[in-house]
Structure formats: structure tokens, C-alpha cells
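The next block holds one structure in the form of C-alpha cells; read it before the comments.
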Amino acid sequence: MRAVLLAVAVALAAALGSPPADAAERADLVVKLEDGGDAEAAARALGGRLGLVVAADTVVVKDGLLGGGRPAGTEWVAPDTTYEATREPTDACYRACPFSLDGQPELVAVGAPAAWDVTTGSPDVVVAVLDGVVDTRHADLVGKVRAGPTYVTGGCQTATSSQASHATGVAGVVGAITDNGLGIASLGWRTSVLSIAVLDPCGIGTASEVSAGIRHAADTGARVINLSLAGTAHPALAEAVAYAQGRGSLVVAAAGNGRSTEPVFPAGYPGVLAVGATARDGSRPSEFSNRGAWVDLVAPGERIVSTATVAGGYLTFDGTSFAAPLVSAAAALVVASHPTFTAADVATRLARTARPLAGTNGLLDAAAAVTDLPGGFVMVAADGGAF
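Here's what the structure looks like:
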């Protein structure tokens, strides 16, 4: 008779959607006892057994029933959780090196260490760097940066070492080989980079060359297109940007270094993430950076150490050209951690999670951008896009 009654009870529990006690979800629980509280009694009430004694008034109940409430004699009950060591790359310049005696504080300023705890990116996510010719043989880029086509038709024989290294530096900020004990760390860590040459060694390219490069990047499936270049509006450029957006690419562009509030292009086009610059530690906007409501967010762009084509292999760079690739790298991390996000979703996430900084629309926070709200939920906008 007892067996029959037990079977009926189990059947009723299943019908009502409540699992039997033995099937209830269990976990290790941390329990804070009230004065005079009995640890053994709390463990029994929670259906588990006494484990680690954390403090005189705090214990662990092993395999306790989740949702078992707060037994008499306890202040609170919370599931135990886990923590992991923070990811810190082994690259020499991350802490300090001859090229950067204070390391890479720009990565800390944008929340890189906490972002890397969530994701170090994916080689399947490609950021297209449209710039000059990148030295893909650089020891910190080889095998990580792939050379695409060259659309440059003009030449320049008077480039400075900084100008000639511009593209290689931008590529390094996005995706230099990280955790290899050499040179710099990149925010992108495992992100892949496609280099498309649209500027000559002096950093000059035409609207047609840049537009052709944008279209090629979109056609190859680049999830992010970095444009560390600026100029005036042009119909060919506007159409190329719209084409890339239609193909699912997020376009990120430098806001320019003219100390102006007037938009430059392509940063000023709709849907393009326009990036201004800040001090290396993110504490203030850079004096040289363009600004205004049209600049979506800012990132460090002063004394950024990165890969170069000159002897020694590294230089420090200034400008919104080196703030933009930090945002592009962060965008790639968001894509890696949220593969179903559209380009608009990624842009919205980056903009909405930016930290307040006076005089700007917010400082890039890569950690916040890759982290969902507690409980694993994603806020959804009225149009269905993810925040």
C-alpha cells in the first residue's frame, strides 16, 4: 500500500510540474548562521551535509536543495560560486618594456583584463583593417594578420617612420599576437585581421580606393571594418559604407584629429561608430580629438605602443587612428561572445556600455560590452535589437 501511495505522489508531482525531492536541483550552499544558530540543523533542513567551515558563523552545506528557503537560525543562504584567475598576457610590453616603460595602461583603461575573463575572441571573427600596407612579416603579426588586396595607385617617397608604420600599428592594436611573451598584447587577442591597402605610405588614398577596399572587406565576410582615416563626404564612399552595412559588417572609423565639432567622413555617416580619442589612461578627452554629439564613444589614443615597420619593431602612436582599432577589437570580442548579434546590436552594446567621461558620449568599456546582465538575460530594444 505504501508503495502505491508513493507512486501516486510522484505521479501527482510530475503532473503539477514539481519534481520529487530526490530529483530537485542541488548545489553547494553557503549559509550564514544567526547567533546561536546550529550548523548541523541548517544542513539537515536544507537536505544536505555539512561541509567547509568558512567562519565561526558561516558554513558550506554540500548538495543542499536549491530553493530550500532560509531555515530557522540562519541569516542568509546563497549558492556557492566559482572564480577564476584573471587572464594576464605574457607579452613583454603589457607590464613594461623599452618601448613603453609604463606598459599598456590603455588596455586596463578599457577593461581588457575583465573582458578577457569572458572571452579572448575567436579567430573566426575577422576585422578588416583598411589602411596602408601592413608588415605581415612582423614577429608580433605573422600568421595572425592576412594580407588582402592593394588598391593604392598613388605613391609617396617622403613618408616618416610613423607614417610608414601607421597601418602596421593599427593592425597591431586590433590583433597583435597575444600571450606569446613578445612585444605587445592586443585587445583582440585571438581575433583575426585582414589587411587591405587603401592608403599610400604617407597615409593618403582616394575615395574610389577606399570605397573599393570597403566593398572587398564586406564581400569577404569581415564582421568589423576599421577605418583609421578621415576626409570629406563623397557619394562613392557613402555607398560603399551602406553596402558593407547591408552585408552585415560593422564599420568603425576614426573621428579625426582636427579639434573640431564638425563631422568628418566616413565616421560621420549613419550607422558608423565614430571614435574619438582620450589620454592613455582614459581620464580625459584628447585635446586634438574631434568631438561632439556625432562622436559615438572614445578610447585611448595617446602614446599607444604598437607594431611598426621600423628597426626595433615598435613605436608609440597618437591620434584617433589608434583609438578606433581599440573599439574595433572590442567589437570583435562582442561578436565572439554573442555570435547572433547583428552589427547594429554590437554597435548599440558598445555605445550603451561605455563609461561616462565628461565631454564625451562615453569611454569604451570592453568588459561591460561582453558581459550580459545577471541571469544571462539580454535587454531587447523596441525594434528587437539587443542592447
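Residue numbers (the working numbering): 121 to 507.
Just so it is clear, CB atoms sit at the ideal spot from N, CA and C, and this is done for glycine as well.
What you are looking at is a predicted structure, and each value in this text was computed from that prediction instead of being measured.
Bounding residues of the beta strand (DSSP E) (the contiguous stretch that carries residue i)
i      : result
PRO420 : 417–420
LEU302 : Run containing LEU302: none; DSSP gives neither H nor E here.
TYR434 : 434–437
ASP183 : 178–185
ASP251 : 246–251
THR270 : 265–270
PRO225 : Not the beta strand (DSSP E): PRO225 falls in the alpha helix (DSSP H), residues 225–229.
ALA69  : Since the first residue shown for the chain is 121 and the last is 507, residue 69 is missing from the structure and cannot be characterised.
Per-residue DSSP class, three states only, for residue i
i      : result
ARG472 : helix
LEU153 : strand
ASP148 : strand
VAL490 : helix
PRO199 : strand
ALA317 : strand
SER448 : helix
LEU170 : strand
ALA279 : coil
ALA259 : coil
ALA478 : coil
SER441 : helix
VAL254 : coil
ASP211 : coil
Inter-residue CB distance, residue i and residue j (contact presumed, cutoff 8 angstroms)
i      : j      : result
LEU186 : PRO199 : 7 angstroms
GLY268 : ASP320 : Not really, about 16 angstroms apart at Cβ, beyond 8 angstroms.
ASP211 : LEU302 : 6 angstroms
VAL490 : ALA235 : 5 angstroms
ALA360 : ILE334 : 4 angstroms
GLY391 : GLN365 : 5 angstroms
SER403 : THR440 : Not confirmed; about 17 angstroms, so no contact.
THR480 : PRO420 : The pair is not a contact, with the Cβ atoms about 12 angstroms apart (cut-off 8 angstroms).
GLY292 : SER306 : 6 angstroms
VAL371 : ALA451 : About 10 angstroms; that fails the 8 angstroms criterion.
Element boundaries [alpha helix (DSSP H), containing residue i]
i      : result
TRP236 : 232–238
GLU71  : Because the chain spans 121 through 507 in this model, residue 71 falls outside it and cannot be assessed.
ILE334 : 327–339
TRP289 : In the sequence as presented, Trp is not what sits at residue 289; that position holds Gly. From DSSP, the alpha helix (DSSP H) with GLY289 extends over 286–295.
Bridge partner(s) assigned by DSSP for residue i
i      : result
CYS217 : SER220
THR427 : TYR434
LEU453 : Partner(s): none; LEU453 has no beta bridge.
LEU483 : VAL418 and ARG475
ALA175 : THR178
SER312 : VAL246
is_contact[residue i, chain B] using C-beta, thresh 9 angstroms
i      : result
ALA332 : Structure shown: chain B not included; a single protein chain is present.
Inset, instruction - Within the segment 342–416, note down every full alpha helix (DSSP H) run reaching 4 residues or more, in order along the chain. - result: 355–366
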